[in-house]
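Notes to accompany the following structure.
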Amino acid sequence: MEADGLLHGKAERVGDFEFMVSVRDGSQPQQAVQKGFLLRVRSALSLKWKTPAHVTGSRIEGSVEVSNTTPDDIDLTFIVMAVQDNGRATAIGYQRLVLRRGMLEQELPFGETLPRGSYVVHVDAVGEVAAKNLIYRDRMQTPGALQVSVGP
């Protein structure tokens with residue numbers, strides 16, 4: 064904090080941060096006030112499960128929500144891969160779109176029929192702002208393998 068009361072800094076990670084500001088004057092009797100603040104820091108490009116990946120018959124499907132908190136439109140590439148326990152990867156979702164600035168929680172569905180096997184689902188989003196030479200990324204995967212027991 065500066066001598067003139069200016070508070071500044073840079074968040075080092077995503078999350079919710081609470082802090083309290085206390086001020087008092089030099090009068091007699093002295094007066095003081097305290098106020099709490101919540102600062103919510105979001106990632107520029109973020110993914111979260113809307114409908115977690117799951118098996119329906121011989122199909123793995125689900126959906127994610129993607130958010131763009133930047134001041135720019137982002138050229139987004141979204142790809143979902145189902146990776147079998149033998150290393151074979153199958154694309155079960157792909158989209159290329161412009162994600163408008165300030166867009167929060169746009170739903171992107173995915174799904175595909177797969178042969179029998181055990182699959183971990185990987186979701187990747189890569190966004191580009193070419194005019195500013197910026198790349199944003201986010202990634203997530205299922206916590207464990209999903210079992211497809213019915214063949215196509």
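Going by the working numbering, 126 is the number at position 63 of the sequence shown; the sequence numbering is gapless.
Heads up, the beta-carbon is just placed ideally off N, CA and C, and yes, glycines get one too.
Every value quoted in this text rests on a predicted model; they were computed, and no experiment measured them.
| Check | Outcome |
| --- | --- |
| Residue 113, DSSP secondary structure in three states | strand |
| Span of the beta strand (DSSP E), counted from its first residue to its last, around residue 213 | Looking at the DSSP string, residue 213 is not in any beta strand (DSSP E), and its letter there is neither H nor E. |
| As assigned by DSSP and simplified to three states, the class of residue 66 | coil |
| Uninterrupted beta strand (DSSP E) stretches inside the region 130–185 (no shorter than 3 residues) | 137–147, 152–162 and 169–176 |
| Residue burial classification, residue 199 (beta-carbon count within 10 angstroms, cutoff 16) | buried |
| C-alpha distance - residue 185 paired with residue 128, whole-angstrom precision | 14 Å |
| DSSP three-state assignment for residue 107, whether helix, strand or coil | coil |
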